[in-house]
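Student: Positions 953 to 1093 (our numbering) are the ones given, in order, by the sequence shown.
The C-beta atom is built at its ideal place from N, Cα and C for all residues, glycine as well.
Here it is, the structure, as structure tokens.
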Amino acid sequence: MDVQHALESHPSINGMCDYVGISRSGYYQREKRHNHQSPRKLRKKFIQGEIKAIWLKSLCIYGAGKITQELRSKGYKIAERTVGKYMRELGIHAVYLTPWTTTTRNSKFDKQLINILDERIRLFNQYYGLVLPTDHWLGLI
953 MDVQHALESH PSINGMCDYV GISRSGYYQR EKRHNHQSPR KLRKKFIQGE IKAIWLKSLC
1013 IYGAGKITQE LRSKGYKIAE RTVGKYMREL GIHAVYLTPW TTTTRNSKFD KQLINILDER
1073 IRLFNQYYGL VLPTDHWLGL I
């Protein structure tokens, strides 16, 4: 029997099983295994949908910790590790916002600070009558 002819004539399951060399019971068992979804798989798909919804609602910022808190507040019993695994499977991740830090210094401020210190030293020397920095050190000893 030719494969092309078998596909065109819409053969029965029995005929195809004979052609391939497997039993009908084996075919139906395999069919049942692949079409059946266990409660665990159904729960996983449902939780993944909830995770995706919470993540999108947070503008794609929340990570596994905050999403776990949200799910627990809704009444689901789930571990943070499980949420992290599901997020990895979905290809989503948290966006960590780093705090703003100064990367450059204002050069004018540095000059102002130096000028203030120079003015204070001048006033100190004027008040105590010191002329040289060595006089100042000797006066402190």
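Could you check what DSSP says for G1001 in three-state terms: helix, strand or coil?
Tutor: Looking at G1001 - three-state DSSP - the assignment turns out to be helix.
Student: Using 10 angstroms around the beta-carbon of E1022, count the other beta-carbons present and answer buried if the total reaches 16, otherwise exposed.
Tutor: By the 10 Å Cβ count, E1022 comes out buried.
Student: If I measure Cβ to Cβ from G967 and keep anything under 7 Å in the same chain, skipping five residues before and after, which residues do I get?
Tutor: No residues qualify anywhere along the chain.
Student: Return helix, strand or coil for V1047, following the three-state DSSP convention.
Tutor: Residue state, collapsed to three classes: coil.
Student: Please classify Y1038 as buried or exposed, where buried requires at least 16 neighbouring CB atoms within 10 angstroms.
Tutor: Buried is the call here.
Student: Quick check: K997 and L1042, are their CB atoms within less than 8 Å of each other?
Tutor: No, the pair does not count as a contact, with Cβ atoms beyond the cut-off.
Student: Whole angstroms is fine: what's the gap from K993's alpha carbon to T1050's?
Tutor: Approximately 37 Å, taken between the alpha carbons.
Student: Helix, strand or coil, according to DSSP, for S977 in the structure here?
Tutor: DSSP places S977 in helix when its eight states are reduced to three.
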